[in-house]
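Inspection log for the structure reproduced underneath, given as structure tokens.
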Amino acid sequence: MKKMNKSYATKQLLAGYFGIIMGGLGLHKFILGYAPEGFIMLVISIVGGSLTYGFTLILMQLIGLIEGMIYLNKNHEEFVQTYFVNKQGWF
289 MKKMNKSYAT
299 KQLLAGYFGI
309 IMGGLGLHKF
319 ILGYAPEGFI
329 MLVISIVGGS
339 LTYGFTLILM
349 QLIGLIEGMI
359 YLNKNHEEFV
369 QTYFVNKQGW
379 F
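When we follow my numbering, the leftmost residue of the sequence shown carries the number 289, and every step to the right adds one.
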């Protein structure tokens with residue numbers, strides 16, 4: 289049980305930092321196991337960014353930044369309950 293809590297804590301930190309630094313690519317979603325959501329962010333950033341001269345890439349980066357800050361500001365129990373038990377994919 290203790291090892292599982294450490295794994296969740298590590299994922300919380302990694303997802304938070306990746307959300308802040310590279311949130312537009314959706315890497316923080318992949319870390320949490322939300323592959324479809326991560327893929328959506330990645331495609332919108334790459335395809336949409338090239339079609340809108342980077343506007344959607346900036347928008348996805350802003351969403352990732354907000355999500356990263358949310359991940360880091362939640363306490364550990366609330367984070368596990370929200371993203372691993374309830375499986376909330378967005379915000």
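Idealized CB from N, CA, C, for every residue including glycine. None of these values were measured; they are calculated from a predicted model.
N-terminal and C-terminal residue of the alpha helix (DSSP H) that residue 344 is part of: Within the sequence shown, residue 344 is the residue found at index 56, counting from 1. Note, residue 344: alpha helix (DSSP H), 343-361.
Buried or exposed (CB count within 10 angstroms, at least 16 for buried), residue 355: In the sequence shown, residue 355 corresponds to position 67, counting from 1. Counting Cβ neighbours within 10 Å, residue 355 comes out buried, since at least 16 surround it.
7 Å Cβ shell around residue 297 - same chain, five flanking residues per side excluded: The sequence position of residue 297 within the sequence shown is 9, counting from 1. Result list for residue 297: 364, in chain order.
Boundaries of the alpha helix (DSSP H) in which residue 319 is found, first to last residue: The residue you call residue 319 lines up with position 31 of the sequence shown. From DSSP, the alpha helix (DSSP H) with residue 319 extends over 315-320.
Closest Cα partner of residue 367 within the set 320, 309, 313, 306: What you label residue 367 is simply residue 79 of the sequence shown in a count that begins at 1. If we check each option's Cα against that of residue 367, 320 comes out closest.
Separation of residue 369 from residue 333, as counted between CA atoms: The residue labelled residue 333 in the question sits at position 45 within the sequence shown. The residue labelled residue 369 in the question sits at position 81 within the sequence shown. Each residue's Cα considered, the two are about 29 Å apart.
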